[in-house]
Structure formats: C-alpha cells, structure tokens
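Residues in the sequence shown are numbered consecutively from 82, following our numbering.
We put the CB at the ideal spot given by N, CA and C, even for glycine.
The next block holds one structure in the form of structure tokens; read it before the comments.
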Amino acid sequence: MNIILFGPPGAGKGTQAQFIVKKHNYFQLSTGNLLRDEVSLKTPLGREIEKLISNGKFASDETVNTLLRQSITNLKFRDRIIFDGYPRNVEQAKNLELILSEFNQTIGHIIFLNVTRDIVEKRIMGRVTCEKCHMTMNEYFNKQQIELHPCGKEFLKKRKDDNLDIVVARYDTYMTVTKPVLDFYSKNANFSEIDGAAEIEQITNKINDVLRV
C-alpha cells in the first residue's frame, strides 16, 4: 500500500519517512528531492526550478506531475511509495489518484503531521541535508549524528530557501493552499492526524501504530 505523509515545511516528514523506509521497506518519494535532483542535473527544467525554489515558491503542477509519473511507473516501487510533500493542492490530489489508478495502485494511509509555525521556525533554521543520501539532520539536535554521518560532513548543506523570511512565507502558503487538500482527505477512513510537535520517537511510534492497523 502507498502512503501520503503530509505536513508543513519543517514538520519532520523527511525524518519520519526515513524511519518508515527502514522499518517497512518503502521508497520515499519526496517531490522536493525530485526537484532538487533535477536542479543538480542542470537541465533547462532544473534551472527554471532553481529560480522558483530559491525565492520560496513552488514548482508548477505540470512540472511536479512529470517527475512524479516517472517514479510511479517504476515497478520496483509498486505499492511501496511514501509520498512526502505531495499532493499540495486538490488538483494534485485528484491527479495522484488518476495516476495510481492507471497502474492499479491505491493509497493505504494518509498521515498528517500537524505542527505550529513557531516550532517549524526553530527546526528549519538548523536543518542540513545530505546531497548524497538526502538524509536530513539538525545542527542543534543531531550534533553526534552529523559528526559520524557516513557520507561525510562535506556533503551536508543548508538549503538556499532555509532563511526565516522564506520559512514564514512557505509555512503560510502551505497552510493556506493545503487546507482544502486536508479537507479532501480527512473524510477518508484511512486519514490520521498526529501531533508533529511531539518528540521524534513518540511520532514514530504513533505512525507505526497507524501502519499496523
């Protein structure tokens, strides 16, 4: 079964998705990583995407859908995908259902990590992401893990869009644009809301309880 993992920037989606990948043998499909990978390839599309995310804006639905379809059609990940940060609006939600239906796949669980803006601000300002393995850590909370990171500290970078003004703008945009999506999914029996301000281990345990249902 496929999983949708919701939450504003800095809610801990990436961290929790990594735990699910390791424990349940899933593939994490982060639209953010798909976009950043395209940027790193320096394609015309990648350069266009870079301009947008550098200013805290989101890529168009058409761009995201193109990159998304390439991953969903990979049989290696069939019914083992965590959609991290997608869909962001109702049109994307409907499009995802169409694509999955096309390949006889479904959404097994929809999990929303709810967290306030002040918590997000504190988390994001210390965030670093590995350019090789995409693991996300925090300079304030994960000092030992950063020192021992197997890829090497030289690959740990701050995102260009991780500054306070952009964080606030992205949070407000996310909550405004995504509320209709939450309304769209919240009526489903497989929708779960979890307090994203809790300790990481507590959140992980709650997600595992949901997945065992």
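- Per the coordinates, the alpha-carbon of Thr-257 lies some 23 Å from the alpha-carbon of Ile-84.
- By DSSP's assignment, Arg-208 forms a beta bridge with Asn-219.
- Taking the C-beta atoms as reference points, Ile-275 is found nearer than 8 Å to Ile-192.
- For the 8 Å CB-CB criterion, Ile-200 and Ala-278 form a contact.
- Per DSSP, the continuous beta strand (DSSP E) segment holding Gly-189 begins and ends at 188-195.
- Excluding residues up to 5 positions away in sequence, Lys-241 and Asp-242 lie with their Cβ nearer than 8 Å to the Cβ of Ser-135 in the same chain.
- Between Leu-116 and Ala-140, the C-beta spacing is below 8 Å.
- DSSP lists Asp-165 and Ile-192 as the beta-bridge partner residues of Leu-86.
- Glu-274: not part of any alpha helix (DSSP H); member of the beta strand (DSSP E) spanning 272-276, first to last residue.
- With a contact defined as Cβ atoms closer than 8 Å, Arg-169 and Thr-259 qualify at about 6 Å.
- By the C-beta criterion, the stretch 198-214 is judged to be in contact with the stretch 232-239, since at least 3 inter-stretch pairs fall below 8 Å.
- Listed as beta-bridge partners of Leu-110 by DSSP are Phe-164.
- Between the C-alpha atoms of Met-206 and Asn-223 there is a straight-line separation of about 13 Å.
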